[in-house]
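Engineer: Protein chains in written order, with my numbering: chain A, 972 to 1579; chain B, 80 to 301.
C-beta atoms are modelled at their ideal positions from N, C-alpha and C, and glycine is treated no differently.
(1) Helix, strand or coil: how does DSSP classify residue 1439 of chain A here?
(2) Check whether chain B comes within 7 Å of residue 1080 of chain A, counting only Cβ atoms and requiring the distance to be less than that.
(3) Give the DSSP bridge partners of residue 1448 of chain A, in chain order.
(4) Of all the CB atoms in chain A, is at least one closer than 7 Å to the CB of residue 209 of chain B?
(5) Against residue 248 of chain B, what residues of chain A qualify as contacts under a CB-to-CB distance less than 7 Å, listed in chain order?
(6) Does residue 113 of chain B have its Cβ less than 7 Å from a Cβ in chain A?
(7) Compare the C-beta of residue 1531 of chain A against all C-beta atoms of chain B and say whether one is closer than 7 Å.
(8) Could you tell me which chain B residues have their CB closer than 9 Å to the CB of residue 1053 of chain A, listed as they occur along the chain?
(9) Would you kindly work out how many angstroms separate the C-alpha atoms of residue 221 of chain B and residue 290 of chain B, rounded to a whole number?
(10) What number of angstroms, rounded off, separates the C-alpha of residue 128 of chain B from the C-alpha of residue 103 of chain B?
(11) As a quick exercise: from A:1472, A:1510, A:1183 and A:1022, pick the residue whose alpha carbon is nearest that of residue 1135 of chain A.
(12) When Cβ atoms are compared, which residues of the region 194-222 of chain B fall closer than 8 Å to chain A?
(13) Starting from the C-beta of residue 1381 of chain A, find all residues in its chain whose C-beta is less than 6 Å away, skip the five residues before and the five after it, and write them out in chain order.
(14) At which residue ranges does the region 192-270 of chain B contain complete beta strand (DSSP E) runs of 3 or more residues, listed in the order of the chain?
(15) Closer than 7 Å by beta-carbon distance: list the chain B residues that pair up with residue 1040 of chain A, in chain order.
(16) Please classify residue 116 of chain B: does DSSP put it in a helix, a strand, or coil?
(17) Could you name the residues of the same chain whose beta carbon sits closer than 6 Å to that of residue 1536 of chain A, not counting the 5 residues immediately before and after it, in chain order?
(18) Closer than 7 Å by C-beta to residue 157 of chain B: which residues in its own chain qualify, once you throw out the five before and the five after it? Chain order, please.
(19) From the DSSP output, which residues share a beta bridge with residue 938 of chain A?
(20) Could you check where the alpha helix (DSSP H) with residue 1026 of chain A kicks off and where it finishes?
(21) Just to confirm, is the Cβ distance from residue 1437 of chain A to residue 1427 of chain A under 7 Å?
(22) Going by DSSP in three states, residue 1078 of chain A sits in which element: helix, strand or coil?
(23) State the DSSP-derived secondary structure class of residue 1127 of chain A, mapped to helix, strand or coil.
(24) Here's the rule I'm using: 16 or more other beta-carbon atoms within 10 Å means buried, otherwise exposed. How should residue 989 of chain A be labelled?
(25) Can you check which of these residues, B:257, B:249 and B:233, is closest to residue 268 of chain B by C-alpha distance?
(26) For residue 1485 of chain A, which of A:1478, A:1506 and A:1459 has the nearest alpha-carbon?
(27) So residue 1357 of chain A packs on residue 1205 of chain A, CB below 8 Å; how close in whole Å?
(28) Output yes or no for whether 7 Å exceeds the beta carbon distance between residue 1087 of chain A and residue 1094 of chain A.
(29) Have a look at residue 101 of chain B and residue 1022 of chain A and give me their C-alpha separation to the nearest angstrom.
(30) In angstroms, rounded to a whole number, what distance separates the CA positions of residue 1000 of chain A and residue 1112 of chain A?
(31) Secondary structure at residue 1207 of chain A, three-state DSSP: helix, strand or coil?
(32) Beta carbons nearer than 9 Å to chain A: which residues of the region 167-183 of chain B have them?
(33) For residue 1185 of chain A, count neighbouring Cβ atoms within 10 angstroms of its own Cβ and tell me buried if that reaches 16, exposed if not.
(34) Once DSSP output is grouped into helix, strand and coil, what is the label at residue 1433 of chain A?
(35) Cα-Cα, which of A:1065, A:1510 and A:1192 is closest to residue 1101 of chain A?
(36) Are the region 1182-1202 of chain A and the region 1325-1342 of chain A in contact at 8 Å, needing three or more beta carbon pairs?
If you want it as structure tokens, here you go:
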């Protein structure tokens, strides 16, 4: 830049400018190429304000123009669609490994509101706040909109065919060094694809991780019954409900159903009463409705339950199996006067209402606590009345914490070369001592399917945009096992794909639509006859009637009975295989109510 | 005169007195003029009535309705059941125009839309503000004729707005619906004239069909 030509004092901003060094002149030339400031018209402050004022005034004038609106009708209006009339579709979402059915209102092709599906057993027409917020998640502007590949510290925009080509190479062969990390998911279609994926690749490993889960409950059942069973509570028939650090009215996959049941039981005209005892460390929705509530630290809950068990055995002739002794021997440090009073009241009330009480323990408690609660429920005769146990859909699945630790171990020893992460955000929510984010960097090829470009995506070599639940086909199982369907309300906004579609690509099935994948699964569940009408009915209802788990009839601590053999027409889904064919005629929760309530004495004899 | 300039104030010369009435008339006239301009110039009668935008396809209601005698509801099929009268999909045009005037140049946008599935972008003529809720079916099913709001569409080559669609205009009818009520079978007949006194007929229909249009704010501003 040539020196300023003016008469006044010369100002400079740096010593380089004052000296006009060649480096400085070069830097200025690069910053402002071809601009000779001295030849530009002298823009004075006055002139600037004049121009800005005028443009502001002119900008205001545009408001006077009448806006021209257009009407954009369909070229071919879909059958049954009337513009401006909202439609409702039955679909579902997956929350923490259980599907929740919902009815979504679609206005002129856009989902605008989610409400509960009255036909769905876990929804009964209502929906939790988390599930209602799915609509907000769908339109979240922060969602990932592109497919990325990171190479040598740089990110490149890619297309789905690029990923398909890469996947064909990565997942070819026997799958040695291949690992898949997935979220907990109850989808029969995913189970089917997983089975096919693993069967074709004996070397591949599958891990499931969920940061917040009900694994302790599952492991507790394993301790008590020798195999993982899933507990269900029917609060509508309960005269006494005890919740130890549990929040069944809010923090449970079947919370809406239990809340209905609880409300029915509290009906003063027809209900069983449901006197509610709550011991908890924070104020929960359930605690707010308690008749007797005691605030205890979560760590005191095992001792509290052990005291209840001891009092039941000592004062009320409840007989517990020998195995329970080890659980009941949990440390019982003397509690406060309030606690002792609570324990006495609760134990006496439980004993007075054998067969019509329910003892629930929250997911934060250790498996042994859950085991003791399950055994107490059995001993009190509640099983089959207010509490039922059904087979766990995937009994072989290791607990989530073990799974993520095993995967971290394999990455550390360098035996994972290709890692496919389906959803989740392990770099953020895996246990911190695993150092998972750092481990991800050691995997040569890591592929991440996610709604957002988050911590995990940042450490992976591929990021794939995921289709939202309201944009994709899918299925799942409700907490009670009912097969629930998911249909898209809108095309994927950002070209994402669902978990099952990506899994199909990894399996080498190519870019199959989720619609085809789900239909194939449902075909396996359909009775003989007209499949199209069965499919239409299932889509309309959002679920397949009668497809739920039957209660496991098993005395406690008995060796696990052999599994029922798979029905000839059972689908390839693992969950169905373990259950055998549970059709509409199988005992349901309603059927279970009709079981005669066993007297505690006779149960005691079977226990001992 | 005193030499002291401190008390020297400016005094208008006498000849300026003749300007006084002129200034007064000018000020008053200016105010009046402004009031008239705002009252009439800003009213929907001036800004909205007569709005006749050019449409992508020169569709003539005069030809289709006036001469050929098509009913409004052949195309605006949702008018009796929903809030929108619904501009028809391209498919409706092609019901006839796949055979009639199938090669017409004027119909190129329609044929293109039909082939590609991309919509024809019609320009909205009767445009209510977004803060107003209006339901066609509520009016049509109670015997308010199309002509009451849209005018003689059957004589229009280009659809033109003939009523102001202002709030006062809406309320006038909500207060006195008998001026516009007609038997249901004549709702879409634009040239229908009552055989008796409109007010007498309207009162009878109002009584008979129990029509009491709401006038509270939340009826339209929901």
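Structural biologist: Let me lay it out:
(1) Reduced to three states, the DSSP call for residue 1439 of chain A is coil.
(2) Taking Cβ atoms only, chain B never reaches closer than 7 Å to residue 1080 of chain A, which makes this a no.
(3) According to DSSP, which records beta bridges pairwise, residue 1448 of chain A is partnered with A:1454.
(4) No - not a single Cβ of chain A is within 7 Å of the one on residue 209 of chain B.
(5) Those within 7 Å of residue 248 of chain B in chain A number zero; the least Cβ separation is about 18 Å.
(6) Chain A, which has no Cβ nearer than 7 Å to the Cβ of residue 113 of chain B, makes this no.
(7) Low local confidence applies: a pLDDT of 37 at residue 1531 of chain A is under 50, so the model's placement there is unreliable, with the coordinate-based value given in what follows. With a threshold of 7 Å between beta carbons, residue 1531 of chain A makes no contact with chain B.
(8) Within chain B, the residues near residue 1053 of chain A are 156, 157, 160, 161, 163 and 165.
(9) Looking at the two C-alpha atoms, the distance is approximately 7 Å.
(10) Straight-line Cα distance between these residues: approximately 36 Å.
(11) Minimum Cα distance to residue 1135 of chain A is reached at A:1472.
(12) Those residues of the region 194-222 of chain B that come within reach of chain A (Cβ to Cβ, closer than 8 Å) are 195, 196, 197, 198, 199, 200, 201, 202, 203 and 206.
(13) Only 1387 meet the Cβ criterion.
(14) Listed in chain order, there is nothing to give.
(15) Chain B residues near residue 1040 of chain A: 203 and 206.
(16) Residue 116 of chain B: helix per DSSP, three-state reduction.
(17) Its pLDDT being 33, under 50, residue 1536 of chain A is placed unreliably in this model, and the coordinates cannot settle the point.
(18) If you ignore the 5 residues before and after residue 157 of chain B, its C-beta comes within less than 7 Å of the C-beta of 163, 164 and 165, all in its own chain and listed in chain order.
(19) Nothing can be reported for residue 938 of chain A: it is not among the residues displayed for chain A, which extend from 972 to 1579.
(20) For residue 1026 of chain A, the enclosing alpha helix (DSSP H) stretches over residues 1016-1032.
(21) It is not a contact, given that the beta carbons lie outside the stated cut-off.
(22) Three-state DSSP puts residue 1078 of chain A in a strand.
(23) If DSSP states are grouped into helix, strand and coil, residue 1127 of chain A belongs with the strands.
(24) By the neighbour-count criterion, in which a residue is buried when 16 or more other Cβ atoms sit within 10 angstroms of its Cβ, residue 989 of chain A is exposed.
(25) Of the listed residues, the one whose Cα sits closest to residue 268 of chain B is B:233.
(26) The option with the nearest alpha carbon to residue 1485 of chain A is A:1459.
(27) Their Cβ separation, rounded to whole angstroms, is 5 Å, which keeps residue 1357 of chain A and residue 1205 of chain A in contact under 8 Å.
(28) Yes.
(29) Cα atoms of residue 101 of chain B and residue 1022 of chain A: separation of roughly 38 Å, rounded to the nearest angstrom.
(30) The straight-line gap from Cα to Cα measures roughly 40 Å.
(31) DSSP, read as helix, strand or coil, puts residue 1207 of chain A in helix.
(32) Within the region 167-183 of chain B, the qualifying residues are 167, 168, 169, 170 and 171.
(33) Residue 1185 of chain A should be labelled buried.
(34) Assignment of residue 1433 of chain A by DSSP, reduced to helix, strand and coil, places it in the strand class.
(35) The residue among A:1065, A:1510 and A:1192 with its C-alpha nearest the C-alpha of residue 1101 of chain A is A:1065.
(36) Per the Cβ contact rule, the region 1182-1202 of chain A is in contact with the region 1325-1342 of chain A (3 or more Cβ pairs under 8 Å).
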